[in-house]
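Participant:
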Amino acid sequence: MPSHARAVSLMTKIMYQCRPAGTTTMARCRACQAPSPGGMECARCLTEELGGVIGNRGAAARWLDSFLKVQQDEAFVFVCAKRVEETASAGRSLE
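Residue numbering for the sequence shown is 26 to 120, as defined by the working numbering.
(1) Would the beta-carbon of T66 fall within 8 Å of that of R55?
(2) Are the beta-carbon atoms of Q42 and P62 separated by less than 8 Å?
(3) Who pairs with V53 in a beta bridge, going by DSSP?
(4) Pair every Cβ in the region 34-49 with every Cβ in the region 77-95, then say whether three or more of these pairs are closer than 8 Å.
(5) Does DSSP classify M65 as helix, strand or coil?
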């Protein structure tokens, strides 16, 4: 498999492995034994593999950190949206 396709495949797996623990069954990573969704390789181990594929472990680690920050920001946006809905709903019930 060409390195670009392998990188895309690994990035897809990493994003999948970053899903919230409460949404899946957790088990031990096959490689490092850390908690991991489904007992597959964890995001950190897959990121190490990605770094090897692209020949730049630092870039792979930065990409994972960026992705995790995006997930946090996304979750915060949803919390804010829920607050707005709750406030609007409470305002309607007072009328």
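Cβ atoms here follow ideal geometry from the backbone N, Cα and C, with glycine treated the same way.
Facilitator: Walking through what the data contain:
(1) One point to set straight first is that residue 66 is Glu, not Thr, in the sequence displayed. Yes.
(2) Contact: yes.
(3) Reading off the sequence, residue 53 comes out as Arg, not Val. In DSSP, R53 forms a bridge with P60.
(4) Contact annotation: the region 34-49 touches the region 77-95, with at least three C-beta pairs closer than 8 Å.
(5) Judged by DSSP in its simplified three-state form, M65 adopts coil rather than helix or strand.
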